[in-house]
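Sequential numbering of the sequence shown, starting at 253, is according to the numbering used here.
Built from N, CA and C at the ideal position, the CB exists for glycine as well.
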Amino acid sequence: MPNGAQALLQTLADAGIEVCFSNPGTSEMHFVAALDSEPRMRAVLALFEGVATGAADGYARMAGKPAATLLHLGCGLGNGLANLHNARKGKVPVLNIVGDHATHHVPLDAQLQSDIETVARNVSPGFVRTSRSTADLCRDAVDAIKAARGLPGQVATLVLPADVSWGEGGVPCPPPPAPAPEPADDACVDAIAHAIRAGGRCALLLGGQALREPGLLAAARIAAQHGAKLFCEVFPTRLERGAGLPAVERIAYLAELASLQLAGFEHLVLVDAKAPVSFFAYPGKQGELVPDGCNVHTLATPAQDAVASLDKLVAALDAARAVPALQAAARPSLPRGRLTAPKVCKAVGALLPERAILIDEAITSGLMLGVMTEGGPHHDLITLTGGAIGQALPNAVGAAIACPDRPVIALVGDGTAMYTIQALWTLARENLDVTAVIFNNASYSVLNVELDRVGAERAGPKARSQLDLHGPVLDFARLAQGMGVHAVRADTAADFCKALEYALAHPGPHLIDARVPESLGGAKRRLLPWLLRALPWLPPALARGLKRKIAP
């Protein structure tokens, strides 16, 4: 009979889990050895646990099913928490396997002993279990898989003691049944249909499952028939967009701009999304962004079938024959002159290949990305769902493995890139078709903006130095080359366009170190807090025009 690890790997593969992103240690060696017993399982080594967890997140977003991680004890889990947090907030299915000391070794309180379950509950509140015997291991794994891939998707953590892994008598278990979520009930659909028919300005806020093509088309039919506005979450897990698809307007990151977007609506219908709130608390400002007098309706919770719920609402509103408005094909021209962050975004829009996967963690440098790519070829957009930076490069690893026939472009700020820079090594080792664009402005630019917005006392040189990345300026081209990734530096728009064209024409990993000034620096940064405070008092048309200038 197989040992526990061998039986576990067979159980995972039988359930369709085909990739394990690992950073193992001593307690996981029997699992590592068992990898050779299961040819259906691909093992991908990461040099940091945050890369492994972020790669599992990116894989699941594009594959539509979980990958496994393999982490070393509580400390390894702790190193991977940030990207598991992003997966949790994005409702992404991840099977998180964490090795532990042998059960009889735990009472000795060895140097690496920790309370793994308590650490795991921060990112895996719906399922944490320590398997106590080899006989129970595969049943525990099936329960974890069922939890991870249900709706809403979640991080399910299975703690694997070493002796449970090496123990003889493992028994593989058949996979759990596929989830079958229910749509909204008739009473809910009828009530929302009545509210829409009654008149008044109405908006649909889409998230999760509703941001794929079938959900977008259903929502667009409702918008066409009844004049509803389509919004999506500020940080969507995965958004299908581009020419030939319905366009949705993302809720703005800045609360003042989001409030402007939502002003005047009498009904807000949530579809696999939560009512928008401010990203942070600010002195004297409300955290809830839904305007007073706006009625919030929930068509589909994250546990329900959002697309089927939208289809029911289409039927209830007699909108099945409505012609949805679709995004026209359009590309910007190639930029020229000195390189800036908006010009990088313009070049991406001009050269975006068919069926690309865009991963946006550009922070302030990516403000123009949406408008520059909206009319490009059909593509997917992945964003920073949980706000924990260091996601884009690991997500690119996972997305490229999930979709090996699709080019991946990761747009990354310089500060966030350093959180998980080890992902470049995995890109090279696996020879993945990923182009990483680093916006190298030598600043934590978004924090400079926030320093002014939160009303902190006047910042002096010591405070400003904590948000500045000069001295030395990071050389990402050399860092990437040292890890086996083809990389170049671009200082002009022409240099950048040439580098991007080359990267897209030559499969494999590439990095472009784009030297740009801050998008919101100098006078713009000093003026921004005053503009945001003034928005409620400006004529609506002027306020909306300013919003398009700041974050289109």
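- As the crow flies, the alpha-carbon of residue 755 is around 46 Å from that of residue 535.
- Counting along the chain, residue 765 sits inside the beta strand (DSSP E) bounded by residues 762–767.
- Of all C-beta pairs linking the region 760–768 to the region 784–792, fewer than three are shorter than 8 Å, placing the two stretches out of contact.
- A Cβ-Cβ distance of about 7 Å is found for the pair residue 394 and residue 427, placing them in contact under the 8 Å criterion.
- Per DSSP, residue 465 is one residue of the alpha helix (DSSP H) stretching across 465–478.
- Boundaries of the beta strand (DSSP E) harbouring residue 609: 609–613, taken from the DSSP string.
- Taking the Cα positions, residue 312 is about 5 Å away from residue 318.
- Apart from the 5 residues on each side of it in sequence, residue 344 sits with its Cβ closer than 7 Å to the Cβ of 309, 312, 313, 405 and 489 in its chain, given in chain order.
- Setting aside the 5 residues that flank it on each side, residue 353 is surrounded in the same chain by 279, 362, 365, 413 and 414, each with a C-beta closer than 7 Å to its C-beta; the list follows chain order.
- Between residue 454 and residue 480, the CB-CB gap stays under 8 Å.
- Short of 7 Å from the beta carbon of residue 802, and not among the five residues preceding or following it, lie these beta carbons of its own chain, in chain order: 509.
- Rounded to the nearest angstrom, the gap between the Cα atoms of residue 513 and residue 434 is 31 Å.
- In this structure, residue 375 and residue 337 form a Cβ contact; the two beta carbons are roughly 5 Å apart against a cut-off of 8 Å.
- Looking at the DSSP output, residue 519 shares a beta bridge with 454 and 547.
- By the Cβ-count criterion, residue 758 is exposed, with fewer than 16 other Cβ atoms from all chains shown falling within 10 Å of its own Cβ.
- Runs of the beta strand (DSSP E) spanning 3 or more residues and lying entirely within the region 672–748 occur at 686–692 and 738–742, in chain order.
- Under the three-state reduction of DSSP, residue 591 is assigned to coil, being neither helix nor strand.
- Check the Cα spacing between residue 648 and each of 611, 397, 297 and 739: the tightest is with 611.
- Here the alpha carbon of residue 463 sits roughly 25 Å from the alpha carbon of residue 451.
- Residue 291 is classed as exposed because its beta carbon has fewer than 16 other beta carbons within 10 Å across all chains shown.
- Counting only residues of its own chain and dropping the five nearest sequence neighbours on each side, residue 301 has a CB closer than 6 Å to the CB of 275, 323, 328, 331 and 332.
- By the criterion of a C-beta distance shorter than 6 Å, residue 386 is surrounded in its chain by 256, 416, 419, 421 and 422, once the five residues flanking it on both sides are discounted.
- Relative to the Cα of residue 389, the nearest Cα in the group 399, 299 and 261 belongs to 261.
- Between the region 518–527 and the region 678–691 there are fewer than three inter-stretch CB-CB distances shorter than 8 Å, so the stretches are not counted as touching.
- The shortest CA-to-CA distance from residue 502 to any of 620, 369, 738 and 772 is the one to 620.
- Excluding sequence positions up to five before and after residue 487, its CB lies within less than 7 Å of the CB of 635, 636 and 637, all in the same chain and listed in chain order.
- Just so you know, the alpha carbons of residue 749 and residue 294 end up roughly 35 Å apart.
- Collapsing the DSSP output to three states places residue 605 in coil.
- Rounded to the nearest whole angstrom, the CA to CA distance from residue 498 to residue 367 is 47 Å.
- Residue 774: member of the alpha helix (DSSP H) spanning 774–786, first to last residue.
- The DSSP assignment places 325–331, 333–341 and 368–372 as complete runs of the alpha helix (DSSP H) inside the region 314–400, in order along the chain (cut-off: 4 residues).
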